[in-house]
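Numbering (the numbering used here), first residue to last: 149 to 290.
Cβ coordinates follow ideal geometry from the N, Cα and C atoms, glycine included.
It should be emphasised that the depicted structure is a prediction, and the values quoted were computed from it without experimental measurement.
Below: one structure, written as structure tokens.
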Amino acid sequence: MLCCMLATGISTADAKMRRETLTLVTSTFEHIINVEVTSTPEEKAMGLMFRTSLADDAGMLFPYAPPQEATMWMRNTYISLDMLFIRADGVIHRIETNTEPFSERVIASRGTVAAVLELKAGSAVKLGLKPGDRVRHPLFGK
């Protein structure tokens, strides 16, 4: 189990967080990502703080029920991230790329979203993701 967690960029301290997969869908490809899903206010507040690495195919999903304007920041976050703001229908509304570690600048969704997906910085460009692409996961229905 420990080997599996280390290989996916998930620390033992986060071993209890729910793990699932989701699929990023563009016009030309589908890419599966292993995600930790935040379920409690404490998990949402902690997010990826204090992590020193994140695997290329790993991320963290922050659901919001009901959908709402979401705000994020990088306080105590050692690694740069890409943030995907996702509408209730699974469509990517906005992407914030290469966030600045430790920054307390507010990063807003600029619209109503059902979730935020955090990925390793550079992932959005590497995968060719853009607003309008889709995220397939039970959170977003069909």
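- With fewer than 16 other beta carbons inside 10 angstroms of its own, ALA193 counts as exposed.
- Judged by pairs of C-beta atoms under 8 Å, the segment 244 to 255 does not touch the segment 183 to 203, as fewer than three such pairs exist.
- Only buried fits THR186, as 16 or more other CB atoms lie within 10 angstroms of its CB.
- Taking 9 Å as the cut-off, the beta carbon of ASN246 is found no closer than this to the beta carbon of GLY207.
- Distances from the alpha-carbon of VAL261 to those of MET197, LEU267, LEU196 and GLN216 put GLN216 closest.
- Residue pairing from DSSP places VAL264 in a beta bridge opposite PHE210 and PHE233.
- Annotation for ILE240: LEU232, PHE233, ILE234, LEU277, LYS278, PRO279, GLY280, ASP281, ARG282 and VAL283 place their beta carbon closer than 8 Å to its own, counting only its chain and skipping 5 residues before and after.
- Look at SER257 here: in three-state DSSP terms it is strand.
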